[in-house]
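Asker: Submitted below is the structure of interest, expressed as structure tokens.
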Amino acid sequence: MKSRTATSRTKAPAPRRAPQEDARSELVIDFERYVPTVLSSLVAKLRANANAFFPEAYGVSLAEWRVLSFLREHEPASAYDIWTNAQLDKAVVSRETTSLKKKGLIELTPVRGSARNRTEIRLTAEGVALLDRSLDEILRRHSNLTAGLDAKALEAFFRVVDHIEQRIPHMADQSGDALPAHAPVKRIAKRRSPTGV
Numbered sequence: 001m002k003s004r005t006a007t008s009r010t011k012a013p014a015p016r017r018a019p020q021e022d023a024r025s026e027l028v029i030d031f032e033r034y035v036p037t038v039l040s041s042l043v044a045k046l047r048a049n050a051n052a053f054f055p056e057a058y059g060v061s062l063a064e065w066r067v068l069s070f071l072r073e074h075e076p077a078s079a080y081d082i083w084t085n086a087q088l089d090k091a092v093v094s095r096e097t098t099s100l101k102k103k104g105l106i107e108l109t110p111v112r113g114s115a116r117n118r119t120e121i122r123l124t125a126e127g128v129a130l131l132d133r134s135l136d137e138i139l140r141r142h143s144n145l146t147a148g149l150d151a152k153a154l155e156a157f158f159r160v161v162d163h164i165e166q167r168i169p170h171m172a173d174q175s176g177d178a179l180p181a182h183a184p185v186k187r188i189a190k191r192r193s194p195t196g197v
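Pasting the structure below:
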């Protein structure tokens with residue numbers, strides 16, 4: 001049996017070399033599991049579907065329907081109220097309110113004594129009728145979209161969405177070097193050597 005002294009003088013084993021397959025492969029982002037890309041792709045598909053549906057079915061754009069729906073719950077409202085609370089761009093709200101007024105779906109009333117020429121926006125009877133007419137079909141489309149998911153699954157989905165939204169400001173935080181097990185990466189065959197040859 002070797003003594004402790006002899007053992008302590010034994011040379012440390014050389015670092016284990018990476019498997020040969022690792023030398024011929026490299027890590028890249030797996031965009032099918034990269035959350036920002038997955039969500040962006042999903043939103044783009046939903047928006048494209050809605051942008052095709054609303055003009056054909058009700059003669060309004062998706063953004064116009066969003067403005068009408070916001071007013072149904074919060075009228076009278078200003079353009080500022082709409083773009084800050086309905087997650088719509090300021091320019092979009094300005095354009096769509098002009099369009100909706102021309103279509104007779106909303107009315108704009110100047111607020112007397114307002115220092116900034118504030119205008120209150122309300123639905124007209126035609127605007128209310130359009131929303132009433134579309135309600136059942138909108139709910140049916142949502143039901144078709146979420147078919148196969150029960151209430152518990154949907155609640156879990158909304159919790160995940162809320163969690164991700166809360167984490168957005170922390171994306172630049174410093175973290176450990178080790179990749180988590182669920183990191184969105186995959187290995188592909190290395191296309192070139194470090195020297196670029």
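Counting from 1, one number per residue, gives the positions in the sequence shown under UniProt numbering. All C-beta atoms in this analysis are idealised placements derived from N, C-alpha and C, irrespective of residue type, glycine included. Keep in mind it's a predicted model, so treat the numbers as computed, not measured.
Cutting at 6 Å between CB atoms, please list the residues of its own chain near residue 167, excluding the five before and the five after it.
Answerer: Indexing the sequence shown from 1 puts residue 167 at position 167. The answer is none, since no qualifying residue turns up.
Asker: What does the Cβ neighbour count give for residue 191, buried or exposed, with the cut at 16 atoms within 10 Å?
Answerer: Sequence index remark: in the sequence shown, residue 191 carries index 191 (1-based). Residue 191 comes out exposed.
Asker: Got a sec? Which residues, its chain only, sit under 6 Å from residue 60 by beta carbon, not counting five neighbours each side?
Answerer: Here residue 60 corresponds to residue number 60 of the sequence shown, with the count starting at 1. Around residue 60: 54.
Asker: Whose CA, out of 164, 108, 103, 72, lies closest to the CA of residue 58?
Answerer: Taking the sequence shown and counting its residues from 1, one reaches residue 58 at position 58. Comparing Cα positions, the closest option is 103.
Asker: Taking just the CA atoms, how far does residue 90 sit from residue 106?
Answerer: Mapped onto the sequence shown, residue 106 falls at position 106. Mapped onto the sequence shown, residue 90 falls at position 90. Those two C-alpha atoms are separated by around 18 Å.
Asker: Near residue 118, what residues of its chain come up, given a Cβ to Cβ distance below 6 Å and the 5 sequence neighbours on each side ignored?
Answerer: The sequence position of residue 118 within the sequence shown is 118, counting from 1. Once the five neighbours on either side are set aside, the close Cβ partners of residue 118 are 78, 111.
Asker: Ends of the beta strand (DSSP E) at residue 118?
Answerer: Residue mapping note: residue 118 aligns to position 118 of the sequence shown, counting from 1. It is not in any beta strand (DSSP E) - residue 118 carries neither H nor E in the DSSP assignment.
Asker: Let me confirm a value: residue 29 is counted as buried when at least 16 other C-beta atoms fall within 10 Å, else exposed. Which label applies?
Answerer: Counted from its first residue, the sequence shown places residue 29 at position 29. So residue 29 ends up on the exposed side.
Asker: Quick check on residue 66: buried or exposed, where buried means 16 or more other Cβ atoms within 10 Å of its Cβ?
Answerer: Here residue 66 refers to the residue found at position 66 of the sequence shown. It is buried - the Cβ of residue 66 has at least 16 other Cβ atoms within 10 Å.
Asker: If you follow the alpha helix (DSSP H) that residue 125 is in, where does it begin and where does it stop?
Answerer: Position 125 of the sequence shown, counting from 1, holds the residue named residue 125. Residue 125: member of the alpha helix (DSSP H) spanning 125 to 145, first to last residue.
Asker: Would you tell me roughly how many angstroms separate the C-alpha atoms of residue 98 and residue 92, rounded to the nearest one?
Answerer: The count along the sequence shown starts at 1 and reaches residue 98 at position 98. The count along the sequence shown starts at 1 and reaches residue 92 at position 92. Going from the Cα of residue 98 to the Cα of residue 92 covers about 10 Å.
Asker: Is it true that the CB of residue 27 sits closer than 9 Å to the CB of residue 187?
Answerer: Your numbering for residue 187 matches position 187 in the sequence shown. Your numbering for residue 27 matches position 27 in the sequence shown. Contact: yes.
Asker: In this structure, does DSSP put residue 172 in helix, strand or coil?
Answerer: Here residue 172 corresponds to residue number 172 of the sequence shown, with the count starting at 1. Residue 172 falls in the coil class under three-state DSSP.
Asker: Thinking C-alpha only, which one of 25, 31, 75, 35 is nearest residue 165?
Answerer: On the sequence shown, position 165 is the one that residue 165 refers to. For the residues 25, 31, 75, 35, the minimum Cα distance to residue 165 belongs to 35.
Asker: Provide the residue(s) that pair with residue 27 in DSSP beta bridges, ordered along the chain.
Answerer: By 1-based counting over the sequence shown, the position of residue 27 is 27. Residue 27 is bridged to 187.
Asker: Where does residue 70 land, buried or exposed, given buried means 16+ other C-beta within 10 angstroms?
Answerer: Position 70 of the sequence shown, counted from the start, is the residue given in the question as residue 70. Burial call: buried.
Asker: At what residues does the beta strand (DSSP E) containing residue 110 begin and finish?
Answerer: Within the sequence shown, the letter at position 110 stands for residue 110. Counting along the chain, the beta strand (DSSP E) containing residue 110 begins and ends at 106 to 110.
Asker: For residue 63, name the three-state secondary structure that DSSP assigns.
Answerer: Numbered from its first residue, the sequence shown carries residue 63 at position 63. Reduced to three states, the DSSP call for residue 63 is helix.
Asker: Which residue from 149, 31, 25 puts its Cα closest to that of residue 184?
Answerer: Counting from one through the sequence shown, the residue named residue 184 turns up at place 184. Of the candidates 149, 31, 25, the one whose C-alpha sits nearest the C-alpha of residue 184 is 31.
Asker: Does the beta-carbon distance from residue 135 to residue 100 come in below 9 Å?
Answerer: For the purposes of this step, residue 135 is taken as residue 135 along the sequence shown, with counting starting at 1. For the purposes of this step, residue 100 is taken as residue 100 along the sequence shown, with counting starting at 1. No, the Cβ-Cβ distance between residue 135 and residue 100 is not below 9 Å.
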